[in-house]
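Going letter by letter, the sequence shown gives residues 222 to 528 in the numbering used here.
All C-beta atoms in this analysis are idealised placements derived from N, C-alpha and C, irrespective of residue type, glycine included.
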Amino acid sequence: MGDVPADRGARPAERGDRRPPQPYGPVTEMRLTRRSPLQGGPVAYAVLIGATLMFVFPFYWTLVAASRTNSELSAATPALTPGPNLFHNIGEALQQAAIGTALWNSLIVATAVTAGVVLSSTLAGFAFAKLRFRGRGLLLAVTVGTMMIPPQLGVIPLFMVIVRMDLQNKLPAVILPSLVSAFGVFFMRQFLIQALPDELIEAGRVDGASALRIFFSIVLPVARPGMAVLGMLTFMATWNDFFWPIVALSSQNPTVQVALKSLGQGYVPDQSIVMAGTLLGTLPVLAVFALLGRQIVGGIMQGAVKG
């Protein structure tokens with residue numbers, strides 16, 4: 222056998238090659254130049270901007286219509302910029318309907334219903350998701366099946382119950398029938414099945430905790446992202462509800478949607494006054510979403526990462 226050069230196994234620097242080592246190979250450089258699938262391009266940004274403008278335009282048009290006169294809105298070429306009559310139209314809306322009382326009533330109703338739905342749905346969702354008891358599947362099927370029944374079918378019997386309880390034209394008539402939600406129960410069950418590990422519940426049971434102690438100490442911290450989303454959806458649905466409040470309440474003690482019905486009445490409805498009242502009824506919902514939207518999205522992402 223021939224002699225093997227002594228520097229065959231040496232590194233390039235030891236053989237006299239003083240060139241700096243290349244940090245990336247050809248394959249690695251090609252991978253680095255390839256765009257990440259999570260990085261958006263010009264088309265993605267254009268679609269997002271277009272979708273944002275499409276969703277923002279109705280709110281902008283509400284502001285424009287609330288600041289114009291009815292004749293300007295009825296023109297062949299309506300104005301597309303806000304006018305000088307915003308505060309005048311808001312004042313007219315406040316005089317024509319009890320908007321202030323309606324805003325306060327809607328805030329009370331939406332807050333009470335949201336708290337009741339979130340608490341009851343989390344309790345029931347935890348029971349259906351993690352507890353074992355006889356008839357669990359049947360009860361869940363019945364609960365989900367109630368969502369298929371049109372709410373209009375229960376208006377007459379529900380109104381008869383409200384009258385017998387002497388709650389007509391009172392806020393409890395709107396709050397009590399909405400404290401439990403079949404959708405909320407199903408939503409929280411699906412969320413807790415994925416987000417709540419069985420090991421946490423078993424650890425609580427080993428430590429001697431009861432079911433309620435496990436719920437308040439273990440389930441609630443894990444369920445906060447789902448509760449935040451359910452609370453936002455419930456608050457907005459309750460705030461915008463019109464059908465049952467107009468049946469159960471009167472124009473002297475209305476919610477926002479009932480009060481808006483009495484705006485701009487006449488032979489020619491004044492759309493500017495209606496839009497001014499609609500703007501007043503929309504601002505609280507936008508404020509709540511602006512304050513809590515980031516926290517809700519952050520909670521969802523935090524729960525997804527931890528899960």
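In the DSSP assignment, Leu454 falls within the alpha helix (DSSP H) that extends over 441 to 460. Cβ-Cβ separation between Ala345 and Leu417: approximately 14 Å, too far for a contact (criterion under 8 Å). A direct Cα-Cα distance of roughly 56 Å separates Ala430 from Ile311. Note on Asp491: 16 or more other CB atoms within 10 angstroms of its CB, so buried under the neighbour-count rule.
Counted as a single uninterrupted DSSP element, the alpha helix (DSSP H) harbouring Gly312 occupies residues 307 to 317. The Cβ atoms of Thr503 and Val334 lie no closer than 8 Å to each other. For Pro393, the enclosing alpha helix (DSSP H) starts and ends at 393 to 396. Here the C-alpha atom of Ile396 lies approximately 38 Å from the C-alpha atom of Leu294. For Thr290, same chain residues with a beta-carbon under 7 Å away, outside a window of 5 residues either side, are Asn306, Ser493 in chain order. For the 8 Å CB-CB criterion, Leu301 and Val277 do not form a contact. Note that the region 359 to 369 touches the region 403 to 415; at least 3 beta-carbon pairs, one per stretch, sit closer than 8 Å. Inter-segment contact for the region 470 to 479 and the region 318 to 325 is present: three or more beta-carbon pairs are separated by less than 8 Å. For the pair of segments examined, the region 436 to 450 was found to touch the region 335 to 344: the number of CB pairs separated by less than 8 Å reaches three. Non-local beta-carbon contacts of Ser327 in its own chain, meaning distances under 7 Å to residues more than five positions away in sequence, involve Trp460, Thr476, Val477 in chain order. Around the Cβ of Leu481, a 10 Å sphere holds 16 or more other Cβ atoms; the residue is buried. Contact between Val376 and Val440 does not hold, since the beta-carbon distance rounds to 35 Å and is not under 8 Å. Taken in chain order, the complete alpha helix (DSSP H) segments of 4 or more residues contained in the region 277 to 363 are 291 to 294, 307 to 317, 320 to 351.
Under the three-state reduction of DSSP output, Val479 falls in the helix class. DSSP places Ala416 inside the alpha helix (DSSP H), whose first and last residues are 403 to 416. Under the DSSP assignment, Ile435 falls in the alpha helix (DSSP H) whose first and last residues are 432 to 435.
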